[in-house]
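Residue 64 in our numbering is what sits at position 47 of the sequence shown, and the numbering runs on without skipping anything. We treat Cβ as the ideally placed atom computed from N, Cα and C, and that holds for glycine. Since this is a predicted model, take the numbers as computed values, not measurements. Data first, discussion second: the structure below is written as structure tokens.
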Amino acid sequence: KAMSSAAETANSSIESRICTLETRLGISPSTASVGDSDINSRLDRLFLLVSQASAPSSASKKSFDALSSIEKDWTESTKLASELDPGSFLVRQGFPPTNDTAAVASISTPMIYRRQEVLASSTFLKEGMDQLNKAREALLISSDIEKNPLPPNERYTQSDILSSPQYDYAMDESVQKRLNDVSTKIMSLYHRSANASQKMDELVDRYHAIMGAVSEKIVLADEEVTMLEKAKEEKTKLPKRGSSFS
């Protein structure tokens with residue numbers, strides 16, 4: 018019941034909108050033929066009037082322009098729908114199971130529309146093509162080399178990106194000598210820092226040994242002092258000679 022009521026509501030809405038358009042164009046239900054009473058025929062008749070490029074006498078220019086705009090939107094929508102039709106570019110996936118009904122539903126389920134995907138990612142595609150164009154131009158040879166054809170292997174080795182004058186800086190003998198001097202100083206600094214670290218480790222080991230010996234001496238001295246104090250206390254507790262005869 019709910020579905021039927023919704024369908025009736027939709028039909029009544031479409032019917033009222035069509036009647037409004039027919040009224041603006043001067044078409045009354047009495048002038049329409051009996052066979053053209055369905056919605057599709059009435060819509061076709063409305064679009065036919067618009068395509069004739071002349072409004073009926075009873076229709077105002079504003080109403081006719083509004084209906085012409087609807088026709089243009091409809092044509093544009095149809096054109097876009099035909100351009101975005103996946104056709105053979107529709108990719109389907111799924112393995113048909115044992116059940117035939119489920120197999121048809123599985124195979125007919127679309128996975129992706131290739132053409133829509135390309136249109137949606139046109140910006141990223143353009144950026145990628147620009148990067149490929151830059152990489153291709155970087156390997157193009159100069160006009161001077163093109164005058165003298167070279168073998169295919171040398172055409173790329175002599176390209177601008179590989180034979181640029183900027184690489185001559187690394188081939189300069191003075192630059193190489195400076196680089197060797199810097200590497201020698203770095204190695205010397207490394208050896209000196211290694212020796213300093215080794216000496217520091219030796220000092221720490223000696224400090225640890227000395228502190229261990231001092232700790233042992235302190236423990237022995239503390240024990241000796243404790244023994245002397247006990248002996249002194251015992252001596253003071255002993256009675257003096259001759260005190261028992263008094």
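Its chain contains no residue whose beta carbon lies nearer than 7 Å to that of G145 once the 5 sequence neighbours on both sides are disregarded. The continuous stretches of alpha helix (DSSP H) do not include L255, and DSSP gives it neither H nor E. In the three-state scheme derived from DSSP, where H, G and I count as helix and E and B as strand, D189 is classed as coil.
Counting only the Cα atoms, L63 lies some 39 Å from S138. Residue environment for R59: buried (at least 16 other C-beta atoms within 10 angstroms of its C-beta). Assigned with DSSP and collapsed to three states, S138 falls in coil, not helix or strand. Exposed is the label assigned to L149, since fewer than 16 other Cβ atoms lie within 10 Å of its Cβ. Here L38 is buried. Its C-beta has 16 or more other C-beta atoms within 10 Å.
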